[in-house]
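See structure below.
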Amino acid sequence: MRGHACGLLLLAQVAGQATGMTMSERKRVSVCGETFTEDQIVSGQAHISEAVFMVGVDPKEQTASLLAAAKAELAWEPQTTFANIGLFWGTMGQDQVLWFMRRDEIKYIQADCQTQAATGGASGAAGPRGSHSTESA
């Protein structure tokens, strides 16, 4: 039995490596287009500031129970929920992000940055067409 369990763990790790994931990096958070692992956050290599994070849940049917657990364990509730498609968002800090990253139901966690675009306006002096800047949310 022990050999069988070890074999399954090895297969799981090999499958993860075949898709570019290691077991410790299977969950990531995306902030402004950059991705960070739990290991990077816990070790201090990355710090997650408070922001509005969008979270995808899979399977979507577990959204309500996941949010009930977040309310009970973190005293946290989302600003908006679309349980029918397995999506919610709300303001989170690093501790909440890590809590969600450690949950099996999570498909993705991301914080989008504020983006501005300039196309030239009336005088055309605002900058090159399509220029943009990003800021952390």
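FYI, the numbering for the sequence shown is -20 to -1, 1 to 117, going by mature numbering (1 follows the signal peptide of the UniProt record, and there is no 0). C-beta atoms are modelled at their ideal positions from N, C-alpha and C, and glycine is treated no differently.
Using 7 Å as the threshold, is the C-beta distance between residue i and residue j below it?
i     : j     : result
THR71 : VAL32 : yes
In angstroms with no decimal places, state the Cα-to-Cα distance between residue i and residue j.
i      : j     : result
TRP79  : ALA98 : 38 Å
GLU53  : THR43 : 15 Å
MET34  : ALA91 : 6 Å
SER23  : PHE16 : 11 Å
ALA49  : TYR88 : 18 Å
GLN94  : ILE86 : 24 Å
THR2   : LEU46 : Because THR2 carries a pLDDT of 39, less than 50, the predicted location of this residue cannot be relied on, and the following value inherits that uncertainty. One C-alpha to the other measures close to 25 Å.
GLY100 : ILE28 : 35 Å
GLU57  : ALA63 : 13 Å
ASP84  : PRO39 : 10 Å
THR60  : PHE68 : 6 Å
ILE21  : LYS7  : 12 Å
GLU41  : ALA26 : 32 Å
LYS51  : GLN76 : 11 Å
GLY13  : ILE65 : 23 Å
Along the chain, where does the alpha helix (DSSP H) containing residue i start, and where does it finish?
i     : result
ILE21 : 18 to 23
THR61 : Per DSSP, THR61 belongs to no alpha helix (DSSP H); it is in the beta strand (DSSP E), 60 to 62.
ALA52 : 43 to 54
For the beta strand (DSSP E) that contains residue i, what are its first and last residues?
i     : result
ALA91 : 86 to 91
SER10 : 8 to 11
GLY70 : 67 to 72
GLY36 : 31 to 37
Just checking my contact of residue i with residue j at CB under 8 Å: how many whole Å lie between their CB atoms?
i     : j     : result
GLU30 : GLY73 : 5 Å
MET81 : VAL9  : 6 Å
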